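Q: My questions all concern the structure below.
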Amino acid sequence: MNDVTRVPAAAPSGCISIVHLGLGAFHRAHQAVYLERYRQRSGDDAWGVSSANLRGGVALVDALRDADYHYHVAEYADRDHITLREIGVIEEVLFTGRDSSGQWGRDLTALLTRLASPDTRLVTLTVTEKGYFLSPAEGTLLRDDPLIAHDIEHPQAPRTVPGLLVEALARRRSAGIPPFTVLCCDNMPNNGQRTRAAVMQLAACRDGELAAWIEREVAFPCSMVDRIVPAMTAADFARLAELGVDDPNAVVGEAFSQWVVEDDFPLGRPAWESEGVEMVADVAPFETMKLRMLNGSHSLLAYLGALEGIETVFDAVSRDDLMALLHRYMLHEAAPTLAMPAGTDLEGYAEQLLYRFANDSLRHRLHQIAMDGSQKLPQRWLHGALARLEAGGEVPCIALGLAAWIRYTAGSDLHGNVHAVDDPMADTFALLHETHGEDHENLVLAFLELDAVVPPALAEHSGFAAEVVSAYRCLTTLGLDTALARLDAST
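Dropping the structure here:
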């Protein structure tokens with residue numbers, strides 16, 4: 001018998017002051033939920049949201065319009081304890097991507113008008129790491145990317161997030177309107193500063209004075225977000241239907257949620273702290289902790305588990321050897337690289353993460369986590385690995401994980417089942433596999449030479465390359481069980 005708590009949406013505000021870029025499941029199950037709870041409890045109706053889909057299809061935008069912008073979030077403490085929330089804080093949805101006919105920017109004019117409006121005080125972002133068009137290892141703008149090249153050539157018809165922000169800020173500057181605050185909510189270290197870097201570098205291509213104004217006037221606070229929000233499946237919709245919810249826009253997630261935000265909002269903000277948001281002076285320690293311990297563990301499960309044909313996080317942590325791998329990685333490779341505030345219990349945090357991963361009500365698919373590895377692994381594993389090695393430590397779990405990632409990019413698992421490689425560098429990976437084939441050593445070395453992904457100092461570190469080569473050979477020729485057993489034996 002399900003224990004279901006149902007929470008209806010607050011009344012619409014009619015006052016849109018936040019624009020969100022990236023109308024994905026995470027935004028709808030995280031930032032929108034915090035704002036919905038805040039509006040319900042405080043009665044402050046000054047913070048309606050306009051949310052734009054930039055890369056996803058137009059179907060979600062149209063479906064939300066048909067539903068009067070309402071949708072449901074099912075929060076699972078476990079399979080039998082559910083909070084079902086109706087969300088109504090999104091009061092406008094827009095689409096600026098490419099439609100099925102190949103045309104761009106259906107609602108681009110409306111979005112730029114909204115961004116340039118003096119009513120807009122805050123712009124929030126969940127567009128994934130690749131949406132900032134920065135080199136993962138170096139943080140420099142990818143000026144040769146076709147979309148960035150388009151925005152340099154046609155700045156008033158932008159197709160990227162940096163391009164949208166630069167054009168909107170240029171319009172506000174010309175009109176004498178104070179700039180909005182830009183709050184990145186993506187899983188990147190120093191995410192506010194990286195967002196600033198992308199915007200500044202693109203603005204400099206257009207107008208040095210505009211770039212200087214942005215540097216001087218625009219706030220880019222950092223944030224750390226945490227909630228497991230799997231992609232929806234037919235089974236998820238069927239479970240919701242059993243609860244009386246027929247909602248094609250619904251999302252599911254775990255009950256746990258965390259948000260840590262650098263408190264720098266010149267034009268004001270909602271009083272999020274009343275809903276448990278941690279407003280702090282420095283997000284960096286929390287951000288790095290989450291990236292290396294939670295997201296790094298997820299990536300280990302994604303590549304090792306997917307190669308074995310394991311479908312979900314829950315299925316993976318049901319194996320004792322993979323659970324032991326995560327415990328070792330978090331406490332012996334990730335935690336020693338962290339500089340946390342006094343009193344932070346990293347061992348307790350690790351145990352909490354393992355408990356969350358074992359939530360059997362979530363079907364968090366490993367292939368979903370495995371997407372965009374070239375963009376994610378520098379901050380999840382590789383910068384931490386370099387720090388650990390330079391301090392005299394060892395990183396066998398990361399070496400095995402990196403070997404698994406390289407093997408995953410071949411496009412098939414260890415049993416020959418084919419999978420898509422969803423990554424901006426997928427063509428490069430395919431060429432490397434075609435070139436080197438079964439030459440394991442040169443294949444691994446070629447991947448380690450991808451300095452857009454692997455920090456050169458790590459690739460050149462004595463012994464690291466050999467450890468990855470050894471792990472790759474073992475994993476590829478002897479299988480996951482043997483690779484994990486050998487790792488366990490080395491403890």
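Quick note: the sequence shown uses UniProt numbering, first residue 1, plus one each step. Virtual Cβ for every residue (Gly too), placed ideally from N, Cα, C. Just so it is clear, the structure is predicted and the values come from calculations on it, not from any experiment.
1) Return the Cβ separation of Leu-487 and Leu-304 in integer angstroms, given the expectation that the two are a contact with Cβ distance under 8 Å.
2) Quick check on Thr-96: buried or exposed, where buried means 16 or more other Cβ atoms within 10 Å of its Cβ?
3) With a cut-off of 8 Å, do at least 3 Cβ pairs link the stretch 359-369 to the stretch 299-315?
4) Per DSSP, what are the beta-bridge partners of Trp-259 in this structure?
5) Look at Pro-162 and Tyr-132 and say whether their C-beta atoms are less than 8 Å apart.
6) Hey, how far is the Cα of Gln-379 from the Cα of Glu-460?
7) Expressed to the nearest angstrom, what Euclidean distance is found between the alpha-carbon atoms of Val-89 and Asp-246?
8) With a threshold of 16 other CB atoms inside 10 Å of the CB of Glu-36, please say whether the residue is buried or exposed.
9) Please state if the CB of Glu-262 and the CB of Val-283 are separated by a distance shorter than 8 Å.
10) Determine contact between the stretch 290-309 and the stretch 235-252, defined as no fewer than three beta-carbon pairs at a distance below 8 Å.
11) DSSP three-state label for Gly-416, please.
12) Suppose contacts are defined by Cβ-Cβ distances below 8 Å. Is Gln-375 in contact with Glu-138 by that definition?
13) So does the stretch 42-60 actually touch the stretch 95-114, counting three or more Cβ pairs closer than 8 Å?
14) Quick check on Asp-66: buried or exposed, where buried means 16 or more other Cβ atoms within 10 Å of its Cβ?
15) Straight-line CA distance for Glu-467 to Val-73?
16) Going by beta carbon distance, what residues of the same chain come within less than 7 Å of Glu-434, once the five residues before and after it are set aside?
17) Sorted by chain position, which residues of the same chain lie with C-beta nearer than 7 Å to His-415's C-beta, five sequence neighbours on each side aside?
18) If you draw a straight line from the C-alpha of Leu-331 to the C-alpha of Trp-405, how long is it?
19) With DSSP collapsed to three states, give me the class of Gly-384.
20) Distance, Cα to Cα, Phe-464 vs Asp-413?
21) What would DSSP say about Thr-126, mapped onto helix, strand or coil?
22) Please return the same chain residues whose Cβ sits closer than 7 Å to the Cβ of Thr-233, not counting the five positions on each side in sequence.
23) So for Arg-319, helix, strand or coil by DSSP?
24) For Glu-441, which residues from the same chain have a beta carbon less than 7 Å from its beta carbon, with the 5 sequence-adjacent residues on both sides left out?
25) Whole angstroms is fine: what's the gap from Ala-339's alpha carbon to Val-280's?
26) Would you kindly report the start and end of the unbroken alpha helix (DSSP H) that includes Ser-17?
27) Note down the Cα distance separating Tyr-329 from Cys-397, rounded to an integer number of angstroms.
28) Just how far apart, CA to CA, sit Leu-478 and Asp-321?
29) Using a 10 Å radius around the Cβ and a threshold of 16 neighbouring Cβ atoms, would you call Ala-198 buried or exposed?
30) Given a cut-off of 8 Å on the beta-carbon distance, is the pair Leu-142 and Ser-135 in contact?
31) For Trp-104, write down the residues that DSSP places opposite it in a beta bridge.
32) I need the boundaries of the beta strand (DSSP E) containing residue 510, first residue and last residue.
33) Using 8 Å as the threshold, is the C-beta distance between Leu-169 and Val-127 below it?
34) Rounded to whole angstroms, what is the Cα-Cα separation between Ala-235 and Asp-78?
35) DSSP puts Ile-90 in a beta bridge; with which residues?
36) Tyr-71 by DSSP, collapsed to three states: which one?
A: Taking the coordinates as given:
1) The pair is not a contact, with the Cβ atoms about 10 Å apart (cut-off 8 Å).
2) Taking every protein chain shown into account, the CB of Thr-96 has 16 or more other CB atoms within 10 angstroms, so this residue is buried.
3) The stretch 359-369 vs the stretch 299-315: in contact.
4) Per DSSP, Val-225.
5) Contact flag set, yes.
6) About 18 Å.
7) Val-89 and Asp-246: Cα-Cα distance of roughly 20 Å.
8) It counts as buried.
9) The answer is yes: Cβ separation under 8 Å.
10) Touching, no.
11) Of the three classes helix, strand and coil, the one that applies to Gly-416 here is coil, per DSSP.
12) No, these two residues do not count as a Cβ contact at 8 Å.
13) Cβ pair count under 8 Å is three or more, so yes.
14) Exposed is the call here.
15) Glu-467 and Val-73: Cα-Cα distance of roughly 44 Å.
16) The beta carbon of Glu-434 sits closer than 7 Å to none of the beta carbons in its chain outside the five residues before and after it.
17) Closer than 7 Å at the Cβ level, and outside the excluded window around His-415, lie Gly-309.
18) Their backbone Cα atoms lie some 21 Å apart in a straight line.
19) Here Gly-384 sits in helix by DSSP.
20) Going by C-alpha positions, Phe-464 is about 24 Å away from Asp-413.
21) Thr-126: coil per DSSP, three-state reduction.
22) Arg-363, listed in sequence order.
23) Correct three-state label for Arg-319: coil.
24) If the five residues before and after Glu-441 are omitted, its C-beta is found closer than 7 Å to the C-beta atoms of Val-469, all from its own chain and listed in chain order.
25) In a straight line, the C-alpha of Ala-339 is about 16 Å away from that of Val-280.
26) Per DSSP, Ser-17 belongs to no alpha helix (DSSP H); it is in the beta strand (DSSP E), 16-21.
27) About 6 Å.
28) If you draw a straight line from the Cα of Leu-478 to the Cα of Asp-321, it is about 16 Å long.
29) Burial call: buried.
30) Against a cut-off of 8 Å, the Cβ pair of Ser-135 and Leu-142 comes out as a contact.
31) According to DSSP, which records beta bridges pairwise, Trp-104 is partnered with Arg-98.
32) In the structure displayed, the chain extends from 1 to 491; residue 510 sits before or after that span and is not available.
33) Cβ atoms of Leu-169 and Val-127: not closer than 8 Å.
34) Going from the Cα of Ala-235 to the Cα of Asp-78 covers about 16 Å.
35) BP columns for Ile-90 point to Val-49.
36) In the structure shown, Tyr-71 sits in a strand (DSSP, three-state: E or B).
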